[in-house]
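Asks:
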Amino acid sequence: MIATESLSKRFPRVTALDRLSVDIGPGVTGLVGANGAGKSTLIKILLGLSPATEGNARVLGMDIATEGAAIREQVGYMPEHDCLPPDVSATEFVVHMARMSGLPPTAARERTADTLRHVGLYEERYRPIGGYSTGMKQRVKLAQALVHDPKLVFLDEPTNGLDPVGRDEMLGLIRRVHTDFGISVLVTSHLLGELERTCDHVVVIDGGKLLRSSSTTDFTQTTTTLAIEVTDSDTHPDGTAAVRDALRGRGVETHHEGAGLPGAGHILLLTAAGEETYDLVRDVVADLGLGLVRMEQRRHHISEVFTTDTAEGSGHRGDEQRKEAVGHGG
Amino acid sequence: MAVEQHLTPPPGETTRIHDIGYRGYDGPRLGRAYARRSLYSQSLRGAYGLGRSVKSKVLPMLLFAVMCVPAAIMVAVAVATKAHELPVAYTRYAIMLQAVISLYVASQAPQAVSRDLRFKTVPLYFSRPIETADYVRAKFAALASAVFILTAAPLLVMYLGALLSKLGFAHQTKEFAEGLVSVALLSLLFAGIGLVIAAVTPRRGFGIAAVIAVLVITYGAVSTLQAIAEVRGHSGAIPWIGLFSPVTLIDGVQSAFLGATARNPGGVAPSTGEGIVYVLVALALIAGSYGLLVRRYKKVGL
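Taken in order, these protein sequences are the chains called A and B.
Each step along the first sequence adds one to the number in UniProt numbering, with nothing skipped, and position 315 is 315.
Each step along the second sequence adds one to the number in UniProt numbering, with nothing skipped, and position 85 is 85.
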């Protein structure tokens, strides 16, 4: 789908991409990096909108330098920022965008109705976009990227600004774009964990350099981290400590990660070996007569990965840390 | 690619929406020229508020009516009094109502470009087959056409009225054609200036104020200077001063070549040499506006 070869982009004072060579196949690919890692720059170059300083790339087998218009006809793009005029309805807007992609008027209207339905916008699509929630706006942005039935879509931070439920719905939708619609996806995020669930393949870049490119099955072999919070009771004034001790009695060690964060003293982190860990936690908490406030898979922020890296210093150690952090995502 | 899930309706249910799954699109993709045309027609309709909210139709439609009503009254007067000439020449009409035209450009130029900048819709256009120049050309052509409709419609009313009152077909047709050439040039010039100013700011209010300032205030300033020159007896300077405002520029071009009477204080028409300078300046401004717009959008890009 996409192949870049020592692709570089230098601005007068910043190097956004530094000899990036990566091959991306069909399916859902996550592009992960901290803010400023070069994700958006890469998308701009791949769309043929901004020339690369050196190196070359092919999208769908076409050269970005010479066949930009042909690429853009077969590719969809959902920007990170807001891009919707508030005073028109979703239908009008998406029809217009479909025509801008070259669809004849009738086809543009049919495809718009179909696409809006697929992204989950129904009656509200006739109302002006200004009154939509963030989640609905994100759906309209996704619809305009899909309306011309591209072979490949670039989704730049599609889960930005969404609440956890909206985030999950969006990720499910992205998964469907590939499985049901047959469209390959390149999706960027700074949250490694959420991409891990959605993507077949993850590419991690930092400072314009490729850090890692591997299929998500590599990651899923490692285990996940659980965060637990419990109530206190009269018999156990410090419920957290009681659970920690009880778990240790059953042979499960808790981590001390996240110490110093607000409320960290009340949160226990432990490595989940599988379904049985969840049951164990439930039983332990129930036996102690405490309330389980929360039990969730812990999401790791990509920046944590890099800060740990620099803190640890040595490259080898850093790599292990990164792998662990990737595994923790969820 | 498409996954189809045909659901058979249970007996008794005849109307039901079927989830037929995702359908791909194998039809034609009409490419850049078609996208440019679509953007042009969408923008032209938008310039009169068509396809937009009721609120945004009010001002353009009102200004259109204000432009046409005096022409209709003149025709009525000419027919009733059996005059041998229309009370106002075709070429004079637009200059007479220049304030209305300026107001229209000031209200619609920001509508055409500032919206896309303000709501950051521009990247969605440029991630599609069209290029920067296509976008600029479509927007420029749309606004120029909209201004042409605004300025040519009253001329058409006058022309039809003149023909109805049998004012001499050949003479009227020639003057009507001259009037059309003049307003066509005016449309391109006003649209160009309006768009360049509006494309600088994503704020609509600033755009409106700046366009009015450039179109109306320069006209006022130039007219004042011309009046001073007339009083001081420097009437030779009047045509040169006239180069500095869009309205007097058009006035100069049409009084040099299109048989119009100059509307400046003193009524000094530019000589043929000066007239050529007028035409060149007008064309340079139009081409310059186009160039500036393309440069501006190259930078806005994605």
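By construction, the Cβ of each residue, glycine as well, lies at the ideal position given by its N, Cα and C atoms.
Computed from a predicted model, the values in this text were never measured in an experiment.
Under 8 Å between C-beta atoms, does residue 89 of chain A make it to chain B?
Replies: Residue mapping note: residue 89 of chain A aligns to position 89 of the first sequence, counting from 1. Judged by the 8 Å Cβ criterion, residue 89 of chain A is not in contact with chain B.
Asks: Any idea what DSSP makes of residue 50 of chain A, helix, strand or coil?
Replies: The count along the first sequence starts at 1 and reaches residue 50 of chain A at position 50. Note: residue 50 of chain A maps to coil in three-state DSSP.
Asks: Apart from the five residues just before and just after residue 52 of chain B, which ones in its own chain have a Cβ nearer than 7 Å to its Cβ?
Replies: Locating residue 52 of chain B in the second sequence gives position 52, where the first residue counts as 1. 46.
Asks: Between the C-alpha atoms of residue 233 of chain A and residue 245 of chain A, what's the straight-line distance to the nearest angstrom?
Replies: The residue given as residue 233 of chain A occupies position 233 in the first sequence. The residue given as residue 245 of chain A occupies position 245 in the first sequence. Roughly 16 Å between the two C-alpha positions.
Asks: Starting from residue 77 of chain A, find everything on chain B with Cβ-Cβ shorter than 7 Å and list it in chain order.
Replies: Position 77 of the first sequence, counted from the start, is the residue given in the question as residue 77 of chain A. Chain B residues near residue 77 of chain A: 127.
Asks: In chain A, which residues lie with their C-beta within 9 Å of the C-beta of residue 108 of chain B?
Replies: The count along the second sequence starts at 1 and reaches residue 108 of chain B at position 108. Under the 9 Å cutoff, chain A gives no residues; its nearest Cβ is about 15 Å from residue 108 of chain B.
Asks: If we cut at 8 Å on Cβ distances, does residue 117 of chain B have a partner in chain A?
Replies: The residue labelled residue 117 of chain B in the question sits at position 117 within the second sequence. With 8 Å as the cut-off, residue 117 of chain B does not count as an interface residue toward chain A.
Asks: Starting from residue 97 of chain A, follow its DSSP beta bridges and name the residues at the other end.
Replies: Taking the first residue of the first sequence as 1, we reach residue 97 of chain A at position 97. Answer by DSSP bridge pairing: none, since residue 97 of chain A is not bridged.
Asks: Does DSSP put residue 113 of chain B in a helix, a strand or coil?
Replies: If you number the second sequence from 1, residue 113 of chain B lands on position 113. It is helical.
Asks: Any C-beta of chain B within less than 7 Å: which residues of the region 114–141 of chain A qualify?
Replies: Listed by position along the chain: 114 and 118.
Asks: Which of the three DSSP states, helix, strand or coil, is assigned to residue 128 of chain A?
Replies: Walking along the first sequence from the start, residue 128 of chain A turns up at place 128. Correct three-state label for residue 128 of chain A: strand.
Asks: Run down chain B in chain order and give the residues with a C-beta less than 8 Å from the C-beta of residue 73 of chain A.
Replies: Sequence index remark: in the first sequence, residue 73 of chain A carries index 73 (1-based). Residues of chain B passing the Cβ test: 29, 31, 128 and 129.
Asks: Among B:279, B:83 and B:107, which has the Cα closest to the Cα of residue 58 of chain B?
Replies: Counted from its first residue, the second sequence places residue 58 of chain B at position 58. For residue 58 of chain B, the nearest C-alpha among the options comes from B:107.
Asks: Are the CB atoms of residue 29 of chain B and residue 102 of chain A nearer to each other than 8 Å?
Replies: Your numbering for residue 29 of chain B matches position 29 in the second sequence. Your numbering for residue 102 of chain A matches position 102 in the first sequence. Contact flag set, yes.
Asks: Around the Cβ of residue 171 of chain B, are there at least 16 other Cβ atoms within 10 angstroms (buried) or fewer (exposed)?
Replies: Taking the second sequence and counting its residues from 1, the one referred to as residue 171 of chain B is at position 171. So residue 171 of chain B ends up on the exposed side.
Asks: Which of the three DSSP states, helix, strand or coil, is assigned to residue 119 of chain B?
Replies: The count along the second sequence starts at 1 and reaches residue 119 of chain B at position 119. Coil.
Asks: So does the region 109–128 of chain B actually touch the region 194–212 of chain B, counting three or more Cβ pairs closer than 8 Å?
Replies: yes
Asks: With DSSP as the reference, label residue 334 of chain A as helix, strand or coil.
Replies: Lying before the first or after the last residue shown, residue 334 of chain A is absent from chain A, which here runs from 1 to 330.
Asks: Near residue 286 of chain B, what residues of its chain come up, given a Cβ to Cβ distance below 7 Å and the 5 sequence neighbours on each side ignored?
Replies: On the second sequence, residue 286 of chain B is found 286 positions in, with the first residue counted as 1. Closer than 7 Å at the Cβ level, and outside the excluded window around residue 286 of chain B, lie 188, 189 and 192.
Asks: Suppose only complete runs of 3+ residues qualify. What are the beta strand (DSSP E) ranges in the region 148–175 of chain A, listed by chain order?
Replies: 152–156
Asks: Taking 8 Å as the threshold, find out whether the region 181–191 of chain A comes into contact with the region 25–43 of chain A through three or more Cβ pairs.
Replies: Of all C-beta pairs linking the region 181–191 of chain A to the region 25–43 of chain A, three or more are shorter than 8 Å, placing the two stretches in contact.
Asks: Return the residue from the list B:42, B:25 and B:152 that minimises the CA-CA distance to residue 65 of chain B.
Replies: For the purposes of this step, residue 65 of chain B is identified with residue 65 of the second sequence, where counting begins at 1. Nearest to residue 65 of chain B by alpha-carbon distance, out of B:42, B:25 and B:152, is B:152.
Asks: Tell me the DSSP secondary structure of residue 115 of chain A in three-state form.
Replies: If you number the first sequence from 1, residue 115 of chain A lands on position 115. Residue 115 of chain A falls in the helix class under three-state DSSP.
Asks: Just to check my reading of the structure: residue 129 of chain B and residue 203 of chain B have Cβ atoms closer than 8 Å, yes? What is that Cβ distance to the nearest angstrom?
Replies: Mapped onto the second sequence, residue 129 of chain B falls at position 129. Mapped onto the second sequence, residue 203 of chain B falls at position 203. Contact flag wrong, Cβ pair sits at about 30 Å.
Asks: Residue 156 of chain A and residue 78 of chain A - do their beta-carbons sit closer together than 8 Å?
Replies: The residue labelled residue 78 of chain A in the question sits at position 78 within the first sequence. The residue labelled residue 156 of chain A in the question sits at position 156 within the first sequence. In this structure, residue 156 of chain A lies closer than 8 Å to residue 78 of chain A by Cβ.
Asks: If you run the structure through DSSP and keep just helix, strand and coil, what is residue 266 of chain A?
Replies: One-based indexing of the first sequence puts residue 266 of chain A at position 266. In this structure, residue 266 of chain A counts as helix in the three-state DSSP scheme.
Asks: Against chain A, with Cβ distances strictly below 8 Å, would residue 53 of chain B count as a contact?
Replies: Here residue 53 of chain B corresponds to residue number 53 of the second sequence, with the count starting at 1. Yes, its Cβ sits closer than 8 Å to a Cβ of chain A.
Asks: Measuring only the C-alpha atoms, how far is residue 18 of chain A from residue 207 of chain A?
Replies: By 1-based counting over the first sequence, the position of residue 18 of chain A is 18. By 1-based counting over the first sequence, the position of residue 207 of chain A is 207. Going from the Cα of residue 18 of chain A to the Cα of residue 207 of chain A covers about 8 Å.
Asks: When DSSP builds the beta bridges, which residues end up paired with residue 255 of chain A?
Replies: Sequence index remark: in the first sequence, residue 255 of chain A carries index 255 (1-based). Bridge partners of residue 255 of chain A: A:269.
Asks: Would you report the Cα separation of residue 278 of chain A and residue 21 of chain A, rounded to the nearest angstrom?
Replies: Locating residue 278 of chain A in the first sequence gives position 278, where the first residue counts as 1. Locating residue 21 of chain A in the first sequence gives position 21, where the first residue counts as 1. The alpha-carbon atoms of residue 278 of chain A and residue 21 of chain A are separated by roughly 41 Å.
Asks: Would residue 238 of chain B and residue 266 of chain B be called neighbours here (beta carbons separated by less than 8 Å)?
Replies: Taking the second sequence and counting its residues from 1, one reaches residue 238 of chain B at position 238. Taking the second sequence and counting its residues from 1, one reaches residue 266 of chain B at position 266. Closer than 8 Å, so yes.
Asks: Okay, do the region 90–105 of chain B and the region 146–161 of chain B touch, 3+ Cβ pairs below 8 Å being the bar?
Replies: yes
Asks: Less than 8 Å separating the beta-carbons of residue 33 of chain A and residue 204 of chain A?
Replies: Start at 1 with the first residue of the first sequence, and residue 33 of chain A comes out as number 33. Start at 1 with the first residue of the first sequence, and residue 204 of chain A comes out as number 204. In contact: residue 33 of chain A and residue 204 of chain A (Cβ atoms closer than 8 Å).
Asks: Going by C-alpha to C-alpha distance, which of B:255, B:249 and B:34 sits closest to residue 108 of chain A?
Replies: Walking along the first sequence from the start, residue 108 of chain A turns up at place 108. Comparing Cα positions, the closest option is B:34.
Asks: Answer with yes or no whether the minimum CB distance from residue 6 of chain A to chain B is below 8 Å.
Replies: For the purposes of this step, residue 6 of chain A is taken as the residue at position 6 of the first sequence. Answer no: the Cβ-Cβ gap between residue 6 of chain A and chain B never drops below 8 Å.
Asks: With three or more C-beta pairs closer than 8 Å as the rule, is the region 58–76 of chain A touching the region 143–163 of chain A?
Replies: yes
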